[in-house]
Amino acid sequence: MIDFGLDFAEVQRIVLTALAEDLGTPPRDVTSESTIPAEQVDTAELVARADGVVAGLPVAAEVFAVTSQGHAEFRQIVGEGDRVERGEVLAVVTGPTRALLTAERTALNLISRMSGVATHTRKWADELAGSKATVLDTRKTTPGLRSLEKYAVRVGGGTNKRMGLYDVAMIKDNHKLAAGSITAAYRLVRETFPDVDVQVEVTTLAEAQEAVAAGAGFLLCDNMTPELLTEVVAAIAGRAELEATGNLTLATAAAYAATGVDYLSVGGLTHSSPILDIALDLRPR
């Protein structure tokens, strides 16, 4: 089974926050506590309601573990990143019935969101198959869920660009304006944070050449046509990694990949992916 690098500490933080939002203070599920005996045990299935790519089963498992205080048994039927069809059982969970139903919505919210991101990302990865280009995500994530959404991108076959403002410096148009030029902005970042990777956004061939001359090893080619990107790829000639970004669609992905760029950056992987519909069904008693 592939390890996509899920941060379990982040999973615990997010699960506890999501459950607290649902259960209130003091924590309670008034419907389940009213209608189901505390000692009742049942088995439920997580079932795909649409075709897609699964991501987040370990996160769902943690939700059930928390609500059952460790007394639920969660068994995955499929793996992270597997393609599934409508009606397919993804996992089976057995435990106190109250705990299963208390966990239901939180578990489904998280796994449906993550699977939706993975499904959308896989469409891009499939479109780029056979080219050298890889699809990248951005920081356009749901507040509080970045680690899970970026994990889902990896599961879907994409690559994470940067996790935040702290791990990679990205010189964009406003930084260029504030510093006076690309060269000045690059020099200032290098002087202040010599060990941090620096990426530079460019919009013209001249800016690309200036950025590489300044020392940049990664360029964001923003809103360029495939024709202009082809010129930039030829001019840079492997001296920097190149990313196409801005207004990309699945319909144009192949044309942009054909320019020879290394990456296509798609904010929609995280900000616009529809969920993958997944349900929790109790097995008949």
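So our numbering is basically just the index in the sequence shown, starting at one, shifted up by 10.
Virtual Cβ for every residue (Gly too), placed ideally from N, Cα, C.
Task: Option nearest Gln50 by Cα separation, candidates Ala82, Leu187, Gly190 and Ile181 - done: Ala82
- [ ] Output the distance between the C-alpha atoms of Asp52 and Val63, rounded to the nearest integer angstrom.
- [x] 27 Å
Task: Own chain, CB closer than 7 Å to Asn233, minus 5 neighbours either side, in chain order - done: Thr213, Gly256 and Asn257
Open item on the list: For Gln79, count the other beta carbons within 10 Å of its own beta carbon; 16 or more makes it buried, fewer makes it exposed. Which is it?
Closed with: exposed
TODO: Could you tell me the distance, in whole angstroms, from the CA atom of Asp183 to the CA atom of Cys231?
DONE: 12 Å
Open item on the list: Can you look up Asp32 in the DSSP assignment and give me helix, strand or coil?
Closed with: helix
Open item on the list: Can you list, in chain order, the residues of its chain with a C-beta nearer than 8 Å to that of Ala101? Leave out the 5 residues immediately preceding and following it.
Closed with: Glu55, Leu56, Leu67, Ala70, Ala71, Phe84, Arg85, Gln86, Ile87 and Val88
Open item on the list: Buried or exposed, going by whether 16 or more other CB atoms sit within 10 Å of the CB of Arg293?
Closed with: exposed
- [ ] Could you tell me if the beta carbon of Ile246 falls within a distance shorter than 6 Å of some heavy atom in the ligand MN?
- [x] Of the ligands one can find in the structure shown there are none, so the ligand MN has no counterpart to examine.
TODO: Look at the Cβ atom of Pro236, then the Cβ atom of Tyr196, and state whether they are nearer than 7 Å.
DONE: no
Task: 7 Å Cβ cutoff met for Lys160 and Asp147 - done: yes
Open item on the list: Does the contact criterion of 3 or more C-beta pairs under 8 Å hold for the region 128-135 versus the region 270-288?
Closed with: yes
Open item on the list: Quick check on Glu3: buried or exposed, where buried means 16 or more other Cβ atoms within 10 Å of its Cβ?
Closed with: Any answer about residue 3 is impossible in this case: the structure gives the chain only from 11 up to 295.
- [ ] Taking Gly105 as part of the beta strand (DSSP E), name the residues at either end of that continuous run.
- [x] Val99 to Pro106
- [ ] Would you mind stating whether Gly91 and Val145 have Cβ atoms separated by less than 7 Å?
- [x] no
Task: Assigned exposure category for Lys171 - 16 Cβ within 10 Å defines buried - done: buried
Open item on the list: Taking 7 Å as the limit between beta carbons, can you name the residues of its chain near His185, skipping five residues before and five after?
Closed with: Ala195
Task: DSSP bridge partner residues for Glu83 (one or two, in chain order) - done: Thr104
Task: Backbone secondary structure at Phe203 - three-state DSSP - done: coil
Task: Minimum length 3: unbroken beta strand (DSSP E) runs contained in the region 93-167 - done: 99-106 and 144-146
Open item on the list: Taking the beta strand (DSSP E) that Glu251 belongs to, which residues open and close that run?
Closed with: Glu251 to Thr255
Open item on the list: Using a Cβ distance threshold of 8 Å, determine whether the region 238-252 contacts the region 207-225, with at least three qualifying pairs required.
Closed with: yes
Task: Three-state secondary structure (DSSP) of Ala54 - done: strand
TODO: Taking 7 Å as the cut-off, decide whether the C-beta atoms of Leu252 and Leu229 are in contact.
DONE: yes
Task: Contacting residues, own chain, Cβ-Cβ under 6 Å from Met180 (five flanking each side not counted) - done: Gln209
- [ ] Apply the 10 Å Cβ neighbour rule to Met124 and answer buried if 16 or more other Cβ atoms are within range, or exposed otherwise.
- [x] buried
- [ ] List the whole-angstrom C-beta distance separating Ala268 from Ser141, where the pair is believed to meet the contact cut-off of C-beta under 8 Å.
- [x] 7 Å
TODO: Quick one: grab the DSSP three-state call for Asp17.
DONE: coil
Open item on the list: For Thr45 and Leu16, what's the separation of their Cα atoms in angstroms?
Closed with: 36 Å
Task: Residue nearest to Val21 in terms of C-alpha spacing, selected from Ala188, Leu158 and Ser42 - done: Leu158
Open item on the list: Buried or exposed for Ser275, going by 16 or more other Cβ atoms inside 10 Å?
Closed with: buried
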